[in-house]
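Everything on this sheet refers to the single structure shown next.
Structure (C-alpha cells):
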C-alpha cells in the first residue's frame, strides 16, 4: 500500500470497506485496542470476541500504560513504546489502523497515544468490530505472532499531552478550553463517580461534550453534525482544546472528533478526573 485512500488523507477515520480492500497490504499494521471495562455506554458483550484478521493486540491498560505512574491510565514511556513497536513490526513506512470491540470507544485512545509517540499515519476504523461483524466480513480468533522486526523509535510529542499543573495554568488563559467528555450528570456533580474517593463536579471553566453525543450507532457522527456540536461549545478551530474525561480514555473520542472537524491544537489531559477529582488542592465547580 503505497498511499492512503483519499478519505484517509483528509480524515483520521477509515471505513470497513477500505480496510477490507487493504487488509493484505504489506505496510498495513492493524491493532485491536479493545478494553475489558466500558464506562458511559452500554457495553457489547462477547462470549468469545472475534478478531479482524491480521490483528495485533494493543493493550492500553498494561503494555502501553506507564504502570509506575500514580495515574490510572497513564500514557506509556517512549521506552515502552519502542519495545512494543519492535514486537509488532512498526516502521516509518507503516500505515496503522486501530479498532475496538465497541465500535468507537478505546481505539481513539490508541490512536492518540500513537500520535503522542510521533506516529502520523494512524487511523481509527469507523464502527470498529461491530460494523465489521454486521457486514459479515471474515474474522479469526487469534492475533498475529510477534514479528520482532520493528524499527520505529518514538518521536515524543509533548504538546499533545499535559498534566494537572498545565491545566491549572490555563484556567486564567482565555484562549484555551477544557472539554470534559464525561456524562452531564458527572460533569454537573449530580451523578456519582464510578471510582471511590473522587470529588464530584468539573474543572472550572470547562465545557461538557459527552463522548456519546459524538457517536451514532457506534460510529462517528457525520462532519456536519460534529461541526454543530463543537460550534455550540467552542469559539473557533484555532482555539487550543484540552480534552479530559474520567481517566484519559474517552477524552480521546473528543480529540478524534475535534480532529475530524479541523481542530489542530489538541491536547490530552492524561490524568483527567481521576487525578483532578482526587486532589483537594485543585479547584472544582
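Residue numbers (my numbering): 94 to 378. Just so you know, even glycine gets a beta-carbon here, dropped at the ideal spot from N, CA and C. Predicted, not measured: the structure shown is a model, and the values here were computed from it.
Pairwise C-alpha distance: residue j and residue i
i	j	result
residue 318	residue 277	19 Å
residue 106	residue 216	5 Å
residue 310	residue 231	21 Å
residue 127	residue 198	8 Å
residue 366	residue 377	10 Å
residue 369	residue 171	25 Å
residue 108	residue 343	21 Å
residue 266	residue 314	30 Å
residue 289	residue 371	9 Å
Residues bridged to residue i (per DSSP)
i	result
residue 175	DSSP output for residue 175 lists no bridge partner at all.
residue 124	149 and 191
residue 336	272 and 361
residue 217	106 and 191
residue 241	Paired residues: none, contrary to the question.
residue 308	313
residue 233	144
residue 255	362
Neighbour-count burial assignment, residue i, 16 or more Cβ in a 10 Å radius
i	result
residue 139	exposed
residue 194	buried
residue 130	exposed
residue 178	buried
residue 352	buried
residue 242	exposed
residue 169	buried
residue 95	In this prediction, residue 95 scores a pLDDT of 42, lower than 50, which makes its location untrustworthy; no coordinate-derived value is stated.
residue 125	buried
residue 201	buried
residue 316	exposed
residue 247	buried
residue 119	exposed
residue 273	buried
residue 269	buried
residue 99	The predicted position of residue 99 is uncertain, since its pLDDT is 48 and thus under 50; no value can be drawn from it.
residue 321	exposed
Beta-carbon separation (whole angstroms), residue i vs residue j, contact threshold 8 Å
i	j	result
residue 209	residue 151	So it is not a contact: roughly 14 Å between Cβ atoms.
residue 304	residue 133	6 Å
residue 147	residue 226	About 16 Å; that fails the 8 Å criterion.
residue 334	residue 359	5 Å
residue 264	residue 184	Not quite, the Cβ-Cβ distance comes to about 41 Å (not below 8 Å), so this is no contact.
residue 233	residue 143	7 Å
residue 271	residue 187	The pair is not a contact, with the Cβ atoms about 33 Å apart (cut-off 8 Å).
residue 302	residue 326	6 Å
Spatial neighbours of residue i in its chain, beta-carbon cut-off 7 Å, leaving aside the 5 residues before and after
i	result
residue 112	190 and 218
residue 116	146 and 147
residue 137	194, 195 and 223
Same chain only: Cβ atoms within 8 Å of residue i, ignoring 5 sequence neighbours per side
i	result
residue 363	164, 166, 167, 168, 254, 255, 256 and 341
residue 155	none
residue 213	none
residue 373	292
Cβ shell of residue i (< 6 Å), same chain only, five flanking positions each side left out
i	result
residue 282	293 and 294
Residue i at chain C interface by Cβ criterion, 9 Å
i	result
residue 108	The displayed structure is made up of one protein chain only, and chain C is not part of it.
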